[in-house]
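Note that the protein sequences, when read in sequence, are chains C and P.
FYI, in the numbering used here the residues of the first sequence are 95 to 490.
FYI, in the numbering used here the residues of the second sequence are 95 to 490.
Backbone N, C-alpha and C fix where the C-beta goes; we use that ideal spot for every residue, glycine too.
What follows is a single structure, written as structure tokens, with notes after it.
There are 2 protein chains.
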Amino acid sequence: MRSEVLLVSAPGKVILHGEHAVVHGKVALAVALNLRTFLQLQPQHHGKVSLHLPNISCKRTWDVAQLQQLDTSFLEQGDASAPTPEQVEKLKEVAGLTEDCAVTERLAVLAFLYLYLSICRKQRALPSLDIVLWSELPTGAGLGSSAAYSVCLAAALLTLCDDIPDPRKDGAPTGRWAKEDLELINKWAFQGERVIHGNPSGVDNAVSTWGGALRFQQGKISALQRPPALQILLTNTKVPRSTKALVAGVRSRLIKFPEIVDPLLTSINAISLECERVLGDLVAAPTPEQYLLLEELIDMNQHLLNALGVGHASLDRLCQVTTAHGLHSKLTGAGGGGCGITLLKPDLERAEVEATKQALTSCGFDCWETSIGAPGVSMHSTASLDGPVRRALGDL
Amino acid sequence: MRSEVLLVSAPGKVILHGEHAVVHGKVALAVALNLRTFLQLQPQHHGKVSLHLPNISCKRTWDVAQLQQLDTSFLEQGDASAPTPEQVEKLKEVAGLTEDCAVTERLAVLAFLYLYLSICRKQRALPSLDIVLWSELPTGAGLGSSAAYSVCLAAALLTLCDDIPDPRKDGAPTGRWAKEDLELINKWAFQGERVIHGNPSGVDNAVSTWGGALRFQQGKISALQRPPALQILLTNTKVPRSTKALVAGVRSRLIKFPEIVDPLLTSINAISLECERVLGDLVAAPTPEQYLLLEELIDMNQHLLNALGVGHASLDRLCQVTTAHGLHSKLTGAGGGGCGITLLKPDLERAEVEATKQALTSCGFDCWETSIGAPGVSMHSTASLDGPVRRALGDL
Numbered sequence: 095m096r097s098e099v100l101l102v103s104a105p106g107k108v109i110l111h112g113e114h115a116v117v118h119g120k121v122a123l124a125v126a127l128n129l130r131t132f133l134q135l136q137p138q139h140h141g142k143v144s145l146h147l148p149n150i151s152c153k154r155t156w157d158v159a160q161l162q163q164l165d166t167s168f169l170e171q172g173d174a175s176a177p178t179p180e181q182v183e184k185l186k187e188v189a190g191l192t193e194d195c196a197v198t199e200r201l202a203v204l205a206f207l208y209l210y211l212s213i214c215r216k217q218r219a220l221p222s223l224d225i226v227l228w229s230e231l232p233t234g235a236g237l238g239s240s241a242a243y244s245v246c247l248a249a250a251l252l253t254l255c256d257d258i259p260d261p262r263k264d265g266a267p268t269g270r271w272a273k274e275d276l277e278l279i280n281k282w283a284f285q286g287e288r289v290i291h292g293n294p295s296g297v298d299n300a301v302s303t304w305g306g307a308l309r310f311q312q313g314k315i316s317a318l319q320r321p322p323a324l325q326i327l328l329t330n331t332k333v334p335r336s337t338k339a340l341v342a343g344v345r346s347r348l349i350k351f352p353e354i355v356d357p358l359l360t361s362i363n364a365i366s367l368e369c370e371r372v373l374g375d376l377v378a379a380p381t382p383e384q385y386l387l388l389e390e391l392i393d394m395n396q397h398l399l400n401a402l403g404v405g406h407a408s409l410d411r412l413c414q415v416t417t418a419h420g421l422h423s424k425l426t427g428a429g430g431g432g433c434g435i436t437l438l439k440p441d442l443e444r445a446e447v448e449a450t451k452q453a454l455t456s457c458g459f460d461c462w463e464t465s466i467g468a469p470g471v472s473m474h475s476t477a478s479l480d481g482p483v484r485r486a487l488g489d490l
Numbered sequence: 095m096r097s098e099v100l101l102v103s104a105p106g107k108v109i110l111h112g113e114h115a116v117v118h119g120k121v122a123l124a125v126a127l128n129l130r131t132f133l134q135l136q137p138q139h140h141g142k143v144s145l146h147l148p149n150i151s152c153k154r155t156w157d158v159a160q161l162q163q164l165d166t167s168f169l170e171q172g173d174a175s176a177p178t179p180e181q182v183e184k185l186k187e188v189a190g191l192t193e194d195c196a197v198t199e200r201l202a203v204l205a206f207l208y209l210y211l212s213i214c215r216k217q218r219a220l221p222s223l224d225i226v227l228w229s230e231l232p233t234g235a236g237l238g239s240s241a242a243y244s245v246c247l248a249a250a251l252l253t254l255c256d257d258i259p260d261p262r263k264d265g266a267p268t269g270r271w272a273k274e275d276l277e278l279i280n281k282w283a284f285q286g287e288r289v290i291h292g293n294p295s296g297v298d299n300a301v302s303t304w305g306g307a308l309r310f311q312q313g314k315i316s317a318l319q320r321p322p323a324l325q326i327l328l329t330n331t332k333v334p335r336s337t338k339a340l341v342a343g344v345r346s347r348l349i350k351f352p353e354i355v356d357p358l359l360t361s362i363n364a365i366s367l368e369c370e371r372v373l374g375d376l377v378a379a380p381t382p383e384q385y386l387l388l389e390e391l392i393d394m395n396q397h398l399l400n401a402l403g404v405g406h407a408s409l410d411r412l413c414q415v416t417t418a419h420g421l422h423s424k425l426t427g428a429g430g431g432g433c434g435i436t437l438l439k440p441d442l443e444r445a446e447v448e449a450t451k452q453a454l455t456s457c458g459f460d461c462w463e464t465s466i467g468a469p470g471v472s473m474h475s476t477a478s479l480d481g482p483v484r485r486a487l488g489d490l
């Protein structure tokens, strides 16, 4: 068992192309979003396990001795098979959650306890520790915040228990794990996602673990070789939407107009494949023309998503504002509000970017300048983290 | 040769669905637009032929005796084969057009002279007459104004020369010709279109002649049986565009992204076919659901036309304004500006329609409340024409 403070981060995700089409067997490209969740794990000797989630003002503490006395055999089928409803019910008892607890907090607590008990139970004694998780990601915006949460927890707890090594080499400020370690992290993170979402696709935790870009089709996930990092604006319209209702809407439109809608899904599939090709070329030898191609693909897909009926006036506004600044945007994820991405070409004037952000913020949107194709789960030294992150985690 | 005043009208056209896709072998639906061109032909004995086009302030007079002396054998291959460049050159001489004459006027004069000389030359003597043509259609907006012009001229001149009868039965205020007469009118109108456009598709004159709705695919034109008349707003953004450049843009996008764009054309084809089906149902037994279907088809096609790259900010604005009033719009014709159509369901409140028109006019657009599926070329009694039309024609 390790005794030093562990600092881990994991990225969110956005769908670059293929949202909705993926539901109907087409390719989707999911990319790591460099808005990250940060975790700090401090081993303790105070006989407590504490979980602090400043984003949602959640602070919970459990007695290690009490947890130790629990019959955790209900976790025994563990090791990355789906948490059963019985396990989740049992966890609720262990967590001591009251009825008035908000859903986000309840699910976060349950996923934590599941991972803590499952990963640490083969230790001689359950470890005493303080965990703080803070995220740059808004929750419930389709940006994979729950996956980044589970990935951070899995990576930190597995490292604490020496299931995987500290990946930092020769005092490097940041380290990434080897393939087999990432596979273990991903496997456990998927379990956390299952506690939170019931039946997740596994894409979000995979992107958060591996980083870069993933191709996803009919349940098969494969990493793009050497995806480029692209600068983007991520804009949250903050218009709430129901992913379920939007997916159902596309399905019913497909049933109503099969001859019209089926070709649209075929076209979106081709957009994803063409984007994958361009991203490959961009890494090999970037040219301005490749960015123009990416912009054209973004525009076409945005129109096709509108044709599928998953647009929204707020997203039209987003596109209109960025078009006025010569930039190209599409919705990402479920649509009907939610988030959009705007490509920032490398040669853009700083002032133009700032003006666009300003204009989007004036619409009442939240706007982040960030990148996609970001590194997956990583371990950090304290010094390598930004001041704001350090302060958010409690300023070690 | 008839000696009474002849009053003829012919409608414009809009493409309901299938613009651009039709260039690539898909179906287009062209419908008669009830913005009409009106012609008044007054037989005279003053030895002159005069053509008056108040819309473009054109007033031309020729001496019948001089025209009679012309060697019109250059028209001999006539009878609806394509006017040769030589014939057009010869016509220019006959017309006495000067270099400073605007293109619209030059083409209108040439088409008139071609039809007058060709249709009337088998008469004992060329007739003396005054012709006035006035149109509700803006020119150069893709609304088939030149075809309506040619159709009116062909119908009036063929009636004057007794090639076709006065179609009004038993003193009815308005009459339409029989099938074989319409075929003759259409054949000559197509010749007029050829003088004006060089290589027209023949759709515009067919719609203006037959009225209603036509299905057009790979040069084959067929009339929809009993198309319904639908109320619409026709909006002219007045943003000038080059049809040629827009068609070329779609072609180059198709070549650049065949796997993406080809399915879009397939989808648009299916929209046209579905619309044709709904229009058939609507005539048989109209229901509110059918209008909802028409609106969905309009929305989807508008998004697909945007995906083809033929949208424009002015058209986005048009859609945005009508959406705000609960109405559905698409561009019609080439796009890139130009005109859009907005469906008006039968149960719409009068105030809502007026508010929408007002909002569109405030954008600087011209807006007409009219119908599609209108009757084709018709002959009228003076009394059956509206006051404004009568006044425009010179208030007989």
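List the residues of chain C that residue i touches, going by C-beta distances under 8 Å, in chain order.
i: P:Ala364; result: Phe351, Glu353, Ile354, Pro357
Smallest Cα separation from residue i: which of the options?
i: P:Leu373; options: P:Asn395, P:Lys350, P:Ile354, P:Ala323; result: P:Ala323
i: P:Thr476; options: P:Gln319, P:Phe132, P:Val121; result: P:Phe132
i: P:Leu318; options: P:Leu328, P:Lys424, P:Arg371; result: P:Arg371
i: C:His140; options: C:Leu358, C:Lys263, C:Leu223, C:Pro177; result: C:Leu223
i: C:Ala159; options: C:Pro105, C:Leu211, C:Gly112, C:Gln452; result: C:Leu211
i: C:Phe455; options: C:Leu204, C:Lys332, C:Arg262; result: One detail in the question is off: residue 455 of chain C reads as Thr in this sequence, not Phe. Out of C:Leu204, C:Lys332, C:Arg262, C:Lys332 has the C-alpha closest to the C-alpha of C:Thr455.
i: C:Leu386; options: C:Pro440, C:Cys433, C:Asn400; result: C:Pro440
i: C:Lys273; options: C:Gly434, C:Gly430, C:Val471, C:Ser336; result: C:Val471
i: C:Thr303; options: C:Pro105, C:Ser97, C:Arg96, C:Leu100; result: C:Pro105
i: P:Pro259; options: P:Met95, P:Asp460, P:His406; result: P:Met95
How big is the Cα-Cα spacing for residue i and residue j?
i: C:Ile466; j: C:Ala126; result: 5 Å
i: P:Trp228; j: P:His291; result: 20 Å
i: P:Arg154; j: P:Gly296; result: 28 Å
i: C:Leu348; j: C:Ile354; result: 8 Å
i: P:Glu389; j: C:Leu169; result: 54 Å
i: C:Thr464; j: C:Leu129; result: 7 Å
i: C:Leu327; j: C:Ala283; result: 27 Å
i: P:Leu164; j: P:Val143; result: 14 Å
i: P:Arg215; j: P:Leu231; result: 30 Å
i: C:Thr253; j: C:Trp156; result: 21 Å
i: P:Asp393; j: C:Leu402; result: 10 Å
i: P:Asp508; j: P:Arg200; result: Any property of residue 508 of chain P remains undetermined from this structure, which presents chain P solely from 95 to 490.
i: P:Phe351; j: P:Leu479; result: 52 Å
i: P:Ser316; j: P:Asp356; result: 25 Å
i: P:Gly190; j: P:Leu247; result: 20 Å
i: C:Ala339; j: C:Asn400; result: 15 Å
i: P:Pro261; j: P:Gln136; result: 18 Å
Where does residue i sit, in a helix, a strand or coil, going by DSSP?
i: P:Ile225; result: strand
i: C:Ala307; result: strand
i: C:Ala176; result: coil
i: P:Arg154; result: strand
i: P:Trp282; result: helix
i: P:Ser423; result: strand
i: C:His291; result: helix
i: C:Ile326; result: strand
i: C:Glu463; result: strand
i: P:Ala334; result: A small correction: the amino acid at residue 334 of chain P is Pro; Ala does not occupy that position in the sequence shown. In the structure shown, P:Pro334 sits in coil (DSSP, three-state: anything other than H, G, I, E or B).
i: P:Val182; result: helix
i: P:Ser472; result: strand
i: P:Arg130; result: strand
Name, please, each residue of chain C whose Cβ falls closer than 7 Å to the Cβ of residue i.
i: P:Thr360; result: Pro357
For residue i, go through chain P and note every residue whose CB falls closer than 8 Å to its CB, in chain order.
i: C:Glu368; result: Phe351, Glu353, Ile354
Listed in chain order, which residues of the region 375 to 392 of chain C have Cβ atoms closer than 7 Å to some Cβ of chain P?
none
Could you name the residues of the region 431 to 456 of chain C whose beta carbon sits closer than 9 Å to any beta carbon of chain P, in the order they occur along the chain?
none
Check distances from the C-beta atoms of the region 394 to 408 of chain C to those of chain P and list, in chain order, the residues that come in under 7 Å.
Met394, His397, Leu398, Asn400, Ala401
Near-chain P residues of the region 103 to 135 of chain C (beta-carbon distance less than 7 Å), N- to C-terminal order
none
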